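Undergrad: Dropping a structure here in structure tokens format, bear with me for questions.
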Amino acid sequence: MIYLDYSATTKPLDEVLDTFVNVSKKFPGNPNSLHKLGVEANTLIDKSSEQIANLLEVKKEEIIYTSGASESNNLAIKGIAFSYSNRGKHIITTELEHSSIYGPINYLVNNGFDVDFVSLDENGLIDLEHLKSLIRKDTILVSISAVNSEIGIRQNVEEIGSLLKEYPNIIFHVDATQCIGKDKIDLANIDLISFTAHKFYGLKGIGALIKKDKVRLEPIIHGGKSTTKYRSGTPSPALIASLAKSLRLALTNLEEKYDKVLEFNSTLQKELSKYKDVSINHNKYCLPHILNISVLGIKPETFQHALEEYDIFISTQSACSSGENSRAVYAFTSDEKKASSSLRISLSSFTTEEEIKKFIEAFSKCYQNLHLK
Amino acid sequence: MEMIIISAVWCPDCLIMKKEIKKIKEKYPNINYIEYDYDMDEDKIKKYNVSNTLPLIIIEKNNEEIFRCSGAKKEKELINIIESIGL
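In order, the protein sequences belong to chains A and B.
Each residue of the first sequence is one higher than the last, beginning at 1 in the working numbering.
Each residue of the second sequence is one higher than the last, beginning at 1001 in the working numbering.
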């Protein structure tokens, strides 16, 4: 099997699974219990939080554990909206977000909030002047993903955060789901950061929202105080410890891994651009882990299934989206044909040269077969 | 005249269109607007043969479909469509 859909999810590493199993066996107590077993479980969570905080250069008290990025995004957006609605009801976002950003914003718009979309420049990057022009007295939240999941455009969220510091009434949320564990990110000027473990060889079912301590947040899951008052529910020491493990492993030799992926991406671009009906929807601002292409005139599902015959797995769009056209590819290319025929190849530092070679061979066969039909 | 609007919460175009639809509703209060959610109203929208491109706007007159379009449209485009059909 050649798996090239790492942006959808990743297979957990054995070390991460071992951590999960060991902690599940050795720390059976409820971390909220006051007896010895509870205290041990709670201490383990505290140690894991300390590790995560050190890796991300945040405070351990700023970590809110969630079930994943969708919950983190919902908590960030609804939590800020409910908490600061007396200040204003205006939100700014982009056309390159995940559905778990649009979902809560849609809900808020139905309940009296207002949303504006910031324009992108010719490279797919946020137009900072347009962003400034959209800011109003009642703007309370700007939510921008660090890396778009379909095209891989890496926004300069560090610079945007610095710009937004001039507007103290605005909370800046970054969905860093496709960024953390793959690329360096400076969280200093970002108020809220969402991410999930399963994008970097951790387990599904655990994610986090980093909330800087000056930010107020209304919980969306109410109940007793758990590891944090912002998210009720018995925390899972095993999942939290596995998150810490997967993050530590992902951030080890990050630059080396990034360069390896960059090389694979360059090879693929070089090979695939030889085909006249292939458009490479990628530029230097995109993360190398994602390579979006359009095979013009062929339905993406058809090409995806053709590759599947060779035991190769890629994605047609973000796994959490629908629609015939890719909104992100259209926003990036302004071309409906490209938007309706896009494929996402997502790479990893675990990808091998052999896999890239086999993919290129299979791609050639699929392309020829489908064009002859 | 009825305007059937089918949208989904996860769809950015649907979110973008909300403002435009609001303006249309204010300009044409006599149109009967029926809104459906792509996921929640699955049974009700079956009869409209909905593709994946949202939002879907269908205009019916005397219970007959006379127009349909999908994807993001500007207020002006919607006005042109309504005016060409005639209220």
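From the three backbone atoms N, C-alpha and C, an ideal C-beta is built for every residue, glycine too.
Since this is a predicted model, take the numbers as computed values, not measurements.
Is there at least one Cβ from chain B nearer than 8 Å to I220(A)'s Cβ?
TA: No, because no Cβ of chain B sits closer than 8 Å to the Cβ of I220(A).
Undergrad: Starting from V174(A), follow the beta strand (DSSP E) in both directions and report where the run begins and ends.
TA: Unbroken beta strand (DSSP E) run through V174(A): 171-175.
Undergrad: Less than 8 Å between the CB atoms is what I'm expecting for I64(A) and L75(A), so what's the real figure, rounded?
TA: Yes, they are in contact, since the Cβ atoms of I64(A) and L75(A) sit about 7 Å apart, within 8 Å.
Undergrad: With H, G and I counted as helix, E and B as strand and the rest as coil, what does DSSP make of I153(A)?
TA: It is a strand residue.
Undergrad: Hey, is D1041(B)'s beta-carbon within less than 8 Å of any beta-carbon in chain A?
TA: Chain A, which has no Cβ nearer than 8 Å to the Cβ of D1041(B), makes this no.
Undergrad: Put E207(A) into one of helix, strand or coil per three-state DSSP.
TA: The amino acid at residue 207(A) is misidentified as Glu; the sequence shows Gly. Strand, per DSSP.
Undergrad: Under 9 Å between beta-carbons, which chain B residues line up against E150(A)? List them in chain order, please.
TA: None at all; the shortest Cβ gap to chain B is about 12 Å.
Undergrad: For K358(A) and L17(A), I'd like the C-alpha separation in whole angstroms.
TA: If I take the Cα positions, the gap works out to 29 Å.
Undergrad: Nearest CA to the CA of K1138(B): which residue from N1063(B), D1013(B), I1079(B), I1085(B)?
TA: No information on residue 1138(B) is available, as it lies outside the stretch 1001 to 1087 that chain B covers here.
Undergrad: Counting C-beta neighbours from all protein chains within 10 Å, is the total for L217(A) 16 or more, i.e. buried, or is it exposed?
TA: Its Cβ being crowded by 16 or more others within 10 Å, L217(A) is buried.
Undergrad: How many angstroms separate the CA atom of V39(A) from the CA atom of G79(A)?
TA: Straight-line Cα distance between these residues: approximately 29 Å.
Undergrad: Excluding sequence positions up to five away, which residues of its chain have a Cβ less than 6 Å from the Cβ of H173(A)?
TA: Same-chain partners within the cutoff: A76, S143, L192.
Undergrad: Can you pull the chain A residues whose beta carbon is under 9 Å from the beta carbon of I1081(B), in chain order?
TA: By Cβ distance, chain A contributes nothing, its closest Cβ being about 19 Å from I1081(B), past 9 Å.
Undergrad: Would you say K1076(B) lies against chain A (beta-carbon separation less than 8 Å)?
TA: So no, K1076(B) is outside the interface.
Undergrad: Which residues does DSSP list as the beta-bridge partners of L343(A)?
TA: In DSSP, L343(A) forms a bridge with I293(A).
Undergrad: Taking C-beta pairs closer than 7 Å, name the residues in chain B that F27(A) reaches, listed in chain order.
TA: Neighbours of F27(A) on chain B: none; closest Cβ ~37 Å, over 7 Å.
Undergrad: Looking at the structure shown, is R327(A) part of a helix, part of a strand, or coil, going by DSSP?
TA: R327(A): helix per DSSP, three-state reduction.
Undergrad: Identify whether M1003(B) lies in helix, strand or coil by the three-state DSSP scheme.
TA: M1003(B): strand per DSSP, three-state reduction.
Undergrad: Contact check, N283(A) vs N156(A) under 8 Å by CB: the rounded distance?
TA: With 8 Å as the limit, N283(A) and N156(A) do not qualify as a contact, their Cβ atoms being about 14 Å apart.
Undergrad: Can you find a CB in chain B that lies within less than 8 Å of the CB of N111(A)?
TA: It does not: the Cβ of N111(A) has no partner Cβ on chain B nearer than 8 Å.
Undergrad: 8 Å is my cut-off, CB to CB: does P1012(B) come that close to chain A?
TA: Yes, its Cβ sits closer than 8 Å to a Cβ of chain A.
Undergrad: By Cβ distance, which residues of its chain are closer than 8 Å to K338(A), with the 5 residues on each side in sequence left out?
TA: Closer than 8 Å at Cβ, skipping near neighbours: S279, N281, S294, L296, V329, Y330.
Undergrad: Give me the subset of the stretch 113-130 of chain A whose CB atoms are less than 7 Å from a CB atom of chain B, sorted by chain position.
TA: From the stretch 113-130 of chain A, only V115, F117 have a Cβ closer than 7 Å to chain B.
Undergrad: Please report the straight-line C-alpha distance between K89(A) and D138(A), rounded to a whole angstrom.
TA: Approximately 6 Å between the Cα atoms of the pair.
Undergrad: By Cβ distance below 7 Å, which residues in the same chain neighbour I312(A) in space, the five residues on each side in sequence not counted?
TA: These residues qualify, in order along the chain: I2, L4, F359, A362.
Undergrad: By how many angstroms is the C-alpha of F20(A) removed from the C-alpha of K211(A)?
TA: Each residue's alpha carbon lies about 25 Å from the other.
Undergrad: Give the DSSP-derived three-state secondary structure of V278(A) in the structure shown.
TA: It is a strand residue.
Undergrad: Does W1010(B) pass the burial test, meaning 16 or more other C-beta atoms within 10 Å, or should it be called exposed?
TA: Under this definition W1010(B) is a buried residue.
Undergrad: Check whether the stretch 174-183 of chain A and the stretch 122-136 of chain A are in contact - that is, three or more C-beta pairs closer than 8 Å.
TA: No, because fewer than three Cβ pairs between the stretch 174-183 of chain A and the stretch 122-136 of chain A fall closer than 8 Å, the two stretches do not touch.
Undergrad: Using Cβ-Cβ distances below 7 Å, what residues of the stretch 1036-1060 of chain B are close to chain A?
TA: So the close ones are S1051, N1052, T1053, L1054.
Undergrad: Can you name the residues of chain A whose CB is closer than 8 Å to the CB of I1021(B)?
TA: Chain A residues near I1021(B): none, gap ~11 Å exceeds 8 Å.
Undergrad: In three-state DSSP terms, what is I298(A)?
TA: Coil, per DSSP.
Undergrad: With burial defined as no fewer than 16 other Cβ atoms inside 10 Å of the residue's Cβ, what is the status of R327(A): buried or exposed?
TA: Buried is the call here.
Undergrad: Note down the Cα distance separating K1073(B) from P1055(B), rounded to an integer number of angstroms.
TA: If you take the alpha carbons of K1073(B) and P1055(B), they lie about 9 Å apart.
Undergrad: Keeping to the same chain, check which residues put their C-beta closer than 7 Å to that of V215(A); ignore five residues upstream and five downstream.
TA: Answer for V215(A): I171, D191, L192, listed in chain order.
Undergrad: What's the C-alpha gap between L56(A) and T177(A)?
TA: About 14 Å.
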